[in-house]
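K.L.:
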Amino acid sequence: AYEWSARAGGQEVDFQSALSPVTDDEGRKAGVVGVTRDISGLKSLENTLRQRVRDLNALNDVSRAFLSQLDAHTIFDESCRLLVEHFDVDAAWLGILREEDLILRPAASEGLEFAKLPPLIAQGKTAQVQPPAVLALLEKEPLVLGRSTRRGEKIWETLAPAERGFDWLLALPVTAGESRMALTIFSRRQNAFQPSAIQLFEAFANLTVNLSSGDGAILGIGTNSLGIQTNSTLPITFGPYEISKTIWIS
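Just so we're on the same page, my numbering is the position in the sequence shown counted from 1, plus 2.
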(Lines of atoms letter the chains of each structure in order from A and count residues from 1; the text may use other names and numbers.)
(Lines give C-alpha, C1' and ligand atoms only; values in the text may rest on other atoms or scores of the structure.)
Protein backbone atom coordinates (compact mmCIF):
# COMPACT_ATOMS: atom_id res chain seq x y z
CA ALA A 1 0.00 0.00 0.00
CA TYR A 2 1.16 3.53 -0.69
CA GLU A 3 -0.22 7.04 -0.31
CA TRP A 4 -0.44 9.76 -2.90
CA SER A 5 -2.28 13.01 -3.50
CA ALA A 6 -3.93 14.85 -6.37
CA ARG A 7 -5.79 18.10 -6.84
CA ALA A 8 -9.53 17.99 -7.44
CA GLY A 9 -11.88 20.96 -7.46
CA GLY A 10 -9.08 23.26 -6.38
CA GLN A 11 -8.28 21.17 -3.30
CA GLU A 12 -5.62 18.58 -2.58
CA VAL A 13 -7.08 15.12 -1.94
CA ASP A 14 -5.13 12.31 -0.28
CA PHE A 15 -5.49 8.70 -1.40
CA GLN A 16 -4.23 5.32 -0.30
CA SER A 17 -3.82 2.54 -2.85
CA ALA A 18 -3.22 -1.17 -2.31
CA LEU A 19 -2.11 -3.28 -5.29
CA SER A 20 -1.87 -7.05 -5.70
CA PRO A 21 -0.71 -9.10 -8.71
CA VAL A 22 -3.12 -11.37 -10.58
CA THR A 23 -1.76 -14.67 -11.91
CA ASP A 24 -3.10 -17.10 -14.49
CA ASP A 25 -3.57 -20.85 -14.09
CA GLU A 26 0.13 -21.43 -14.65
CA GLY A 27 1.21 -18.95 -12.01
CA ARG A 28 2.32 -16.28 -14.45
CA LYS A 29 1.53 -12.66 -13.69
CA ALA A 30 -1.40 -11.62 -15.82
CA GLY A 31 -2.33 -8.29 -14.34
CA VAL A 32 -2.82 -6.18 -11.28
CA VAL A 33 -5.84 -5.52 -9.10
CA GLY A 34 -5.96 -2.52 -6.83
CA VAL A 35 -8.15 -0.64 -4.38
CA THR A 36 -7.91 3.10 -3.78
CA ARG A 37 -9.66 5.04 -1.04
CA ASP A 38 -9.90 8.68 -0.09
CA ILE A 39 -8.03 9.23 3.20
CA SER A 40 -8.20 13.04 3.27
CA GLY A 41 -10.15 13.00 6.52
CA LEU A 42 -7.67 10.67 8.19
CA LYS A 43 -4.69 12.76 7.05
CA SER A 44 -6.34 15.91 8.35
CA LEU A 45 -6.95 14.26 11.72
CA GLU A 46 -3.38 12.98 11.80
CA ASN A 47 -2.02 16.48 11.21
CA THR A 48 -4.32 17.88 13.91
CA LEU A 49 -3.17 15.27 16.42
CA ARG A 50 0.49 15.95 15.66
CA GLN A 51 -0.03 19.67 16.12
CA ARG A 52 -1.88 19.13 19.39
CA VAL A 53 0.90 16.90 20.71
CA ARG A 54 3.49 19.56 19.78
CA ASP A 55 1.43 22.17 21.61
CA LEU A 56 1.13 19.96 24.67
CA ASN A 57 4.84 19.25 24.70
CA ALA A 58 5.52 22.97 24.66
CA LEU A 59 3.04 23.53 27.49
CA ASN A 60 4.58 20.68 29.43
CA ASP A 61 7.92 22.43 29.93
CA VAL A 62 6.23 25.56 31.24
CA SER A 63 3.51 23.94 33.34
CA ARG A 64 5.85 21.59 35.21
CA ALA A 65 7.63 24.48 36.86
CA PHE A 66 4.35 26.23 37.62
CA LEU A 67 2.07 23.40 38.72
CA SER A 68 4.67 21.60 40.80
CA GLN A 69 4.55 24.53 43.23
CA LEU A 70 0.83 24.11 43.90
CA ASP A 71 -0.84 22.07 46.62
CA ALA A 72 -2.75 18.94 45.62
CA HIS A 73 -6.21 20.53 45.80
CA THR A 74 -5.21 23.37 43.47
CA ILE A 75 -3.59 20.90 41.07
CA PHE A 76 -6.88 18.99 40.79
CA ASP A 77 -8.80 22.22 40.16
CA GLU A 78 -6.29 23.26 37.52
CA SER A 79 -6.49 19.85 35.84
CA CYS A 80 -10.26 20.11 35.38
CA ARG A 81 -10.02 23.71 34.20
CA LEU A 82 -7.29 23.00 31.64
CA LEU A 83 -9.20 19.99 30.38
CA VAL A 84 -12.32 22.02 29.61
CA GLU A 85 -10.44 25.00 28.18
CA HIS A 86 -8.06 23.11 25.88
CA PHE A 87 -9.87 19.94 24.79
CA ASP A 88 -13.23 21.22 23.58
CA VAL A 89 -15.28 19.42 26.23
CA ASP A 90 -18.02 20.92 28.36
CA ALA A 91 -17.34 19.78 31.91
CA ALA A 92 -15.19 17.51 34.07
CA TRP A 93 -14.86 16.42 37.67
CA LEU A 94 -12.30 14.42 39.60
CA GLY A 95 -13.19 12.17 42.54
CA ILE A 96 -11.06 10.38 45.14
CA LEU A 97 -12.08 6.94 46.44
CA ARG A 98 -11.92 6.57 50.21
CA GLU A 99 -10.86 2.96 50.64
CA GLU A 100 -12.20 2.43 54.17
CA ASP A 101 -15.84 2.90 53.12
CA LEU A 102 -15.50 2.75 49.28
CA ILE A 103 -17.03 6.19 48.81
CA LEU A 104 -15.92 8.23 45.80
CA ARG A 105 -15.86 11.86 46.90
CA PRO A 106 -15.60 14.73 44.37
CA ALA A 107 -12.39 16.74 44.81
CA ALA A 108 -12.52 19.22 41.92
CA SER A 109 -14.74 20.19 38.99
CA GLU A 110 -15.08 22.55 36.04
CA GLY A 111 -18.30 23.29 34.14
CA LEU A 112 -20.33 21.72 36.97
CA GLU A 113 -21.35 23.24 40.30
CA PHE A 114 -19.14 21.41 42.77
CA ALA A 115 -21.72 21.49 45.57
CA LYS A 116 -24.17 19.57 43.38
CA LEU A 117 -21.84 16.57 42.90
CA PRO A 118 -22.73 13.99 45.56
CA PRO A 119 -20.41 11.27 46.92
CA LEU A 120 -20.79 7.92 45.15
CA ILE A 121 -20.77 4.49 46.78
CA ALA A 122 -18.79 1.76 45.02
CA GLN A 123 -21.05 -1.27 45.44
CA GLY A 124 -18.76 -3.81 43.81
CA LYS A 125 -18.96 -5.50 40.42
CA THR A 126 -22.10 -7.45 41.33
CA ALA A 127 -24.32 -4.35 41.34
CA GLN A 128 -26.38 -4.13 38.14
CA VAL A 129 -26.30 -0.35 37.61
CA GLN A 130 -23.61 1.99 38.96
CA PRO A 131 -22.37 5.48 38.09
CA PRO A 132 -19.84 5.57 35.22
CA ALA A 133 -17.04 6.87 37.47
CA VAL A 134 -17.48 3.89 39.79
CA LEU A 135 -17.62 1.45 36.87
CA ALA A 136 -14.37 2.82 35.46
CA LEU A 137 -12.69 2.39 38.85
CA LEU A 138 -13.93 -1.15 39.35
CA GLU A 139 -13.10 -2.30 35.82
CA LYS A 140 -9.82 -0.35 35.77
CA GLU A 141 -10.59 0.68 32.20
CA PRO A 142 -11.88 3.82 30.45
CA LEU A 143 -15.63 3.93 29.83
CA VAL A 144 -17.33 5.84 27.01
CA LEU A 145 -21.08 6.25 27.42
CA GLY A 146 -23.82 8.01 25.42
CA ARG A 147 -27.09 9.18 26.93
CA SER A 148 -29.21 7.89 24.05
CA THR A 149 -27.53 4.52 23.61
CA ARG A 150 -29.32 1.31 24.58
CA ARG A 151 -27.64 0.89 27.96
CA GLY A 152 -26.89 4.56 28.34
CA GLU A 153 -30.41 5.55 29.32
CA LYS A 154 -30.37 3.29 32.38
CA ILE A 155 -26.85 4.21 33.50
CA TRP A 156 -27.55 7.91 32.88
CA GLU A 157 -30.11 7.77 35.68
CA THR A 158 -27.27 7.16 38.16
CA LEU A 159 -25.78 10.59 37.35
CA ALA A 160 -26.43 13.66 39.44
CA PRO A 161 -29.02 16.05 37.92
CA ALA A 162 -26.25 18.52 37.15
CA GLU A 163 -24.53 15.90 34.97
CA ARG A 164 -27.53 14.80 32.93
CA GLY A 165 -27.58 17.81 30.61
CA PHE A 166 -24.74 16.40 28.51
CA ASP A 167 -24.94 13.75 25.79
CA TRP A 168 -21.64 11.87 26.11
CA LEU A 169 -19.14 11.13 28.84
CA LEU A 170 -15.75 9.53 29.29
CA ALA A 171 -14.89 8.05 32.70
CA LEU A 172 -11.21 7.33 33.38
CA PRO A 173 -9.61 5.45 36.28
CA VAL A 174 -6.63 7.23 37.83
CA THR A 175 -4.18 6.16 40.53
CA ALA A 176 -2.24 8.53 42.79
CA GLY A 177 0.18 6.77 45.08
CA GLU A 178 -1.93 4.34 47.10
CA SER A 179 -5.15 6.20 46.32
CA ARG A 180 -7.60 5.62 43.51
CA MET A 181 -9.39 8.36 41.61
CA ALA A 182 -11.84 8.73 38.73
CA LEU A 183 -11.92 11.52 36.16
CA THR A 184 -15.27 12.02 34.37
CA ILE A 185 -15.43 14.23 31.28
CA PHE A 186 -18.65 15.43 29.63
CA SER A 187 -19.46 16.64 26.12
CA ARG A 188 -22.47 17.54 24.03
CA ARG A 189 -20.69 16.47 20.82
CA GLN A 190 -21.34 12.96 19.52
CA ASN A 191 -17.78 12.39 18.30
CA ALA A 192 -15.98 13.88 21.29
CA PHE A 193 -14.65 10.54 22.56
CA GLN A 194 -13.72 8.63 19.42
CA PRO A 195 -10.61 6.40 19.74
CA SER A 196 -8.44 8.91 17.90
CA ALA A 197 -9.38 11.64 20.39
CA ILE A 198 -8.46 9.48 23.36
CA GLN A 199 -4.81 10.03 22.42
CA LEU A 200 -5.32 13.69 23.27
CA PHE A 201 -6.75 12.88 26.67
CA GLU A 202 -3.79 10.59 27.31
CA ALA A 203 -1.47 13.49 26.50
CA PHE A 204 -3.53 15.70 28.79
CA ALA A 205 -3.17 13.11 31.56
CA ASN A 206 0.60 13.25 31.22
CA LEU A 207 0.48 17.04 31.33
CA THR A 208 -2.00 17.74 34.11
CA VAL A 209 -3.05 14.66 36.07
CA ASN A 210 0.38 13.07 36.00
CA LEU A 211 2.18 16.36 36.65
CA SER A 212 5.46 14.53 36.93
CA SER A 213 8.83 16.25 36.91
CA GLY A 214 11.41 13.90 35.48
CA ASP A 215 11.14 11.23 38.16
CA GLY A 216 7.37 10.94 37.93
CA ALA A 217 6.59 12.62 41.27
CA ILE A 218 5.67 16.04 42.58
CA LEU A 219 5.57 17.54 46.04
CA GLY A 220 2.50 16.33 47.90
CA ILE A 221 1.86 19.33 50.14
CA GLY A 222 -1.41 19.20 52.11
CA THR A 223 -2.60 15.97 50.56
CA ASN A 224 -3.76 14.38 53.81
CA SER A 225 -6.84 16.60 53.88
CA LEU A 226 -7.87 15.08 50.54
CA GLY A 227 -7.41 11.54 51.73
CA ILE A 228 -4.26 10.78 49.75
CA GLN A 229 -1.81 8.60 51.63
CA THR A 230 1.53 10.21 50.87
CA ASN A 231 4.36 12.04 52.59
CA SER A 232 6.89 14.02 50.59
CA THR A 233 6.00 12.90 47.07
CA LEU A 234 2.80 12.24 45.19
CA PRO A 235 3.44 9.87 42.26
CA ILE A 236 0.48 10.00 39.90
CA THR A 237 -0.06 7.67 36.96
CA PHE A 238 -2.99 7.17 34.63
CA GLY A 239 -4.65 3.76 34.81
CA PRO A 240 -4.76 1.27 31.90
CA TYR A 241 -5.20 3.57 28.94
CA GLU A 242 -4.66 1.61 25.77
CA ILE A 243 -7.34 2.45 23.22
CA SER A 244 -8.04 -1.27 22.80
CA LYS A 245 -9.16 -1.43 26.44
CA THR A 246 -11.76 1.31 26.13
CA ILE A 247 -15.30 0.07 26.86
CA TRP A 248 -17.83 1.37 24.32
CA ILE A 249 -21.47 1.02 25.41
CA SER A 250 -24.04 1.29 22.64
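Virtual Cβ for every residue (Gly too), placed ideally from N, Cα, C.
#1: For the beta strand (DSSP E) that contains F188, what are its first and last residues?
#2: Output needed for Y4: all residues of its chain with C-beta closer than 7 Å, excluding positions within five of it in sequence on either side, in chain order.
#3: In its own chain, which residues sit with a C-beta less than 6 Å from the C-beta of E112, not counting the 5 before and 5 after it?
#4: Kindly identify the DSSP beta-bridge partner or partners of L174.
#5: Measuring CB to CB, does D92 end up less than 7 Å from F188?
#6: Between the C-alpha atoms of S46 and Q192, what's the straight-line distance to the nearest angstrom?
#7: Which residues in the same chain have their Cβ closer than 7 Å to the Cβ of I123, if we skip the five residues on either side of it in sequence?
#8: Pull up the CB-CB distance for F78 and F203, whole angstroms please, since I reckon it's below 8 Å.
#9: Rounded to a whole number of angstroms, what is the C-alpha to C-alpha distance between V34 and P23?
#10: With A173 and P144 assumed to form a contact (beta carbons below 8 Å), what rounded beta-carbon distance in angstroms separates them?
#11: Closest by CA to G36, which one among E28, D26, L21?
#12: Measuring only the C-alpha atoms, how far is E80 from E155?
P.N.:
For this structure:
#1: 181 to 189
#2: S19
#3: C82, R83, V86, A94
#4: L185
#5: yes
#6: 19 Å
#7: L104, I105
#8: So it is not a contact: roughly 16 Å between Cβ atoms.
#9: 4 Å
#10: 7 Å
#11: L21
#12: 31 Å
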